[in-house]
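Quick note, the sequences are listed as chains G and P, same order.
Residues 1 to 338 (the numbering used here) are what the first sequence spells out, left to right.
Residues 1001 to 1338 (the numbering used here) are what the second sequence spells out, left to right.
Protein chains: 2
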Amino acid sequence: MVRASAGRGRPTLDSVAARAGVSRATVSRVVNGMPVTPTSAESVRRAVEELGYVPNHAARTLVTQRTDLIALVLPETTTRVFSDDQFFPGVIQGVSQQLELADKQLVLMLAGSEASHARIERSVAAHHVDGVMLASLHGADPLPAALTRIGIPVVCNERSLGPTSPPCVGVDNVGGAATAVRHLLDIGRTRIATIAGPQDMIGGIDRLTGYRDALRDSARRSIVAVGDFTLGSGATAMQQLLEDDPRLDAVFVASDLMADGALQALRKAGRRVPDDVAVIGFDDIALAQYTDPPLTTIRQPILEIGRQMARQLLRLVRGEEIEQTMTLPTELVVRQSA
Amino acid sequence: MVRASAGRGRPTLDSVAARAGVSRATVSRVVNGMPVTPTSAESVRRAVEELGYVPNHAARTLVTQRTDLIALVLPETTTRVFSDDQFFPGVIQGVSQQLELADKQLVLMLAGSEASHARIERSVAAHHVDGVMLASLHGADPLPAALTRIGIPVVCNERSLGPTSPPCVGVDNVGGAATAVRHLLDIGRTRIATIAGPQDMIGGIDRLTGYRDALRDSARRSIVAVGDFTLGSGATAMQQLLEDDPRLDAVFVASDLMADGALQALRKAGRRVPDDVAVIGFDDIALAQYTDPPLTTIRQPILEIGRQMARQLLRLVRGEEIEQTMTLPTELVVRQSA
DNA sequence: AGTCTCGTTAAGAGCGCTCTCAGCCGTAGG
DNA sequence: CCTACGGCTGAGAGCGCTCTTAACGAGACT
Chain G
1 MVRASAGRGR PTLDSVAARA GVSRATVSRV VNGMPVTPTS AESVRRAVEE
51 LGYVPNHAAR TLVTQRTDLI ALVLPETTTR VFSDDQFFPG VIQGVSQQLE
101 LADKQLVLML AGSEASHARI ERSVAAHHVD GVMLASLHGA DPLPAALTRI
151 GIPVVCNERS LGPTSPPCVG VDNVGGAATA VRHLLDIGRT RIATIAGPQD
201 MIGGIDRLTG YRDALRDSAR RSIVAVGDFT LGSGATAMQQ LLEDDPRLDA
251 VFVASDLMAD GALQALRKAG RRVPDDVAVI GFDDIALAQY TDPPLTTIRQ
301 PILEIGRQMA RQLLRLVRGE EIEQTMTLPT ELVVRQSA
Chain P
1001 MVRASAGRGR PTLDSVAARA GVSRATVSRV VNGMPVTPTS AESVRRAVEE
1051 LGYVPNHAAR TLVTQRTDLI ALVLPETTTR VFSDDQFFPG VIQGVSQQLE
1101 LADKQLVLML AGSEASHARI ERSVAAHHVD GVMLASLHGA DPLPAALTRI
1151 GIPVVCNERS LGPTSPPCVG VDNVGGAATA VRHLLDIGRT RIATIAGPQD
1201 MIGGIDRLTG YRDALRDSAR RSIVAVGDFT LGSGATAMQQ LLEDDPRLDA
1251 VFVASDLMAD GALQALRKAG RRVPDDVAVI GFDDIALAQY TDPPLTTIRQ
1301 PILEIGRQMA RQLLRLVRGE EIEQTMTLPT ELVVRQSA
């Protein structure tokens, strides 16, 4: 561990070979774990140690055509603000954990402007990364098609609304929403409203479907309001619901952030939660534990989404076959709001 | 734009040269914007277009020794949970914006375990990235020293508590805290307490210092409680303060998340905010707009921290000199809690 | 003892790019 | 008309690695 200095002075395979008294090829074999005689293996290992040799990544990539780099593309502008609901941080963390196991590095690309779209395409075309994960892009996004055309492994979260649909990892939004509503039925609620999410996003659409499914044969449904997954929109929607159906006694809200808004609106309107109105959210973000009262919600396994996206993509990169879609379970978390 | 297909079939400099009827060197010059005769420039450009040529990144890196990759290292486990206070997402976003302008890619490394530390060092030693940004690492972290030894440009956020101190970009925690307290004095509060952050983190230490500074010559100070930047700890600390000094009429809380906890504790204790007790937070996270009542706080320019870290690092990578420390201003945001 | 086989190693050819260096041509000056 | 000089261009070396190919030595068999 003497040198390892910057720039051109770094030890190469050749210098290690010279020091160990073997050929470059033998050193390469040792470094890559291929079989060699114990004698030379030992002397190579010692030389590597003494020189502080670390393989040059670019040189290796040039010949193997592998970069060991995996890209995660996140949209920068959307109703789902980058950090608000902790979805992206969670996904990043899950992805990162899984990539670490495979000794791959994570390249994060935030796709905001047109320019950054072009930049991502260029980067992928240059074979700068081995595979790409796409999270939460809008239906009309041309990126999946473009990347598929380039011929690089791609995995999405949530099934795409667009024409080209890469393999994807999603959660059981319909089932989760239905579970939430059934819980409200179980505790005896009779007029159940919902605050849905935007109807151009999978999460928004499917959670509303789940609500409808669970109440299909029931007379206990109330009305539907639509928000955009932000806290403010949840508060507004709740006010609206209270005006339009003052007798409602439960609300299923399609996101925790909106549910917090709803809670505030209910408090302002003088309704007690859960006594007068039961509220149930979706996502189980950290905030849900700390709302007043703590929020009953449907947990979405965010970390697991990231992990599974990475796993699926790594399989694809290795040339294995994978299922077109993978759906992760959601889970009811009972706290005090319902 | 016909080919650009995967694998070995991609067009190279040579194929472009052949098609354009010039040498490889000339194509390289055009691609890199060096002067050539308009005639050959034009035919090269056409050949590039027709073949869909994109330079191979690894090959370029191999000879130039530049990777155009910049690493951002974030600690994965800490009291500051990865996503809670939106600090990391904000920094990521700022960094990303700035790197995009310089056409660099962002490699995200979450440093949790010992193993990941080793992996980061190895990756950097392999000259896999041109520079490294370190965010919020603990005082005793060996990473800054290790990276400096390798001889790679490094920039931190917040000055390091450890022995080796790379250049860093921080915010004016002391000044911000003092401003907050002065605001409380201005609105006539007479018993001002504080909930401080952990005293092994810069933010925790400096914000407490600012509180003390502003009250140095005043008789209007109350007591100090310490939290760990989490919402729960804020609530607990607030209860404690109320027990120990029931007559306090203001609290400066060292983070918005803790402030939200404090708000809830005050509500439970039957105190009105701001009438009975004024509360002021620090950070101005998104949540601050939606607490009940909306939180007066000190805004920390999170995006700007990211941007400036990236700018400083890019300067270093280009071989320019930079200031050892850069301090960004904080700003009082008056809402309704104080 | 000679031949064949097998496992191991050394040599060398690239991967696709940049960059130096010499060669070329055209113009200006002697 | 010949030499000097300047700008472009092309040839070629080499970045550090992997992987194929061929050589080599040791052991088994005829």
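Idealized CB from N, CA, C, for every residue including glycine.
Just so we're clear, the structure is a prediction, and the values are computed from it rather than from any experiment.
Chain G contact for residue i (CB, 9 Å cutoff)
i: E1049/P; result: no
i: G1232/P; result: yes
i: A1272/P; result: It is worth fixing the name first, because residue 1272/P is Arg in this sequence and not Ala. Cβ-Cβ to chain G under 9 Å: no for R1272/P.
i: V1022/P; result: no
i: F1229/P; result: no
i: D1275/P; result: no
i: F1282/P; result: no
i: L965/P; result: Outside the shown range of chain P (1001 to 1338) lies residue 965/P, about which nothing can therefore be said.
i: Q1240/P; result: no
i: Q1336/P; result: no
i: T1067/P; result: yes
i: Q1105/P; result: yes
i: D1260/P; result: yes
i: Q1324/P; result: no
i: D1014/P; result: no
i: V1002/P; result: Since pLDDT at V1002/P reaches only 32, below the 50 mark, its modelled position is unreliable, and no value is offered.
i: R1264/P; result: The sequence shown places Gln at residue 1264/P, rather than the Arg named in the question. So yes, Q1264/P belongs to the interface.
i: M1309/P; result: no
i: R1122/P; result: yes
For residue i, the three-state DSSP class (helix, strand or coil)
i: A1135/P; result: coil
i: V181/G; result: helix
i: E100/G; result: helix
i: D152/G; result: Note on residue identity: the sequence assigns Ile, not Asp, to residue 152/G. The answer is coil: DSSP assigns I152/G none of H, G, I, E or B.
i: R1221/P; result: strand
i: M238/G; result: helix
i: G1197/P; result: coil
i: A1058/P; result: helix
i: F87/G; result: helix
i: V36/G; result: coil
i: I1226/P; result: Checking the displayed sequence, the identity of residue 1226/P turns out to be Val instead of Ile. Three-state DSSP puts V1226/P in a strand.
9 Å Cβ cutoff, residue i in contact with chain P
i: E100/G; result: yes
i: R267/G; result: yes
i: H117/G; result: no
i: A126/G; result: yes
i: I92/G; result: yes
i: Q97/G; result: yes
i: S255/G; result: no
i: E76/G; result: yes
i: T297/G; result: no
i: P89/G; result: yes
i: R10/G; result: yes
Cβ neighbour criterion (16 or more within 10 Å) applied to residue i
i: G1339/P; result: Here chain P comprises residues numbered 1001 to 1338, so residue 1339/P is not present and cannot be evaluated.
i: M34/G; result: exposed
i: D1103/P; result: exposed
i: R216/G; result: exposed
i: S136/G; result: buried
i: R1299/P; result: buried
i: R122/G; result: exposed
i: S1331/P; result: As written in the sequence, residue 1331/P is Glu, which differs from the Ser given in the question. Exposed.
i: T236/G; result: buried
i: Q1098/P; result: buried
Per DSSP, cross-strand counterpart(s) of residue i
i: D283/G; result: R299/G
i: Q1105/P; result: L1069/P
i: A75/G; result: Per the sequence shown, the amino acid found at residue 75/G is Pro instead of Ala. In DSSP, P75/G forms a bridge with A111/G.
i: V1273/P; result: Note: V1273/P sits in no beta bridge, so no partner.
i: E331/G; result: R299/G
i: I1192/P; result: R1221/P and A1250/P
i: A1278/P; result: A1250/P
i: G1306/P; result: None; G1306/P has no bridge partner.
i: M1326/P; result: V1169/P
> Quick one, which residues of the stretch 1128 to 1146 of chain P are near chain G if we go by CB-CB under 7 Å, in chain order?
Replying inline: Listed in chain order, the positions of the stretch 1128 to 1146 of chain P with a beta carbon within less than 7 Å of a beta carbon of chain G are H1128.
> Using Cβ-Cβ distances below 7 Å, what residues of the stretch 1052 to 1063 of chain P are close to chain G?
Replying inline: V1054, P1055, N1056, H1057, A1058, A1059, T1061 and L1062
>> Please list, in chain order, the residues of the stretch 1161 to 1193 of chain P that have any C-beta partner in chain G closer than 8 Å.
In response: none
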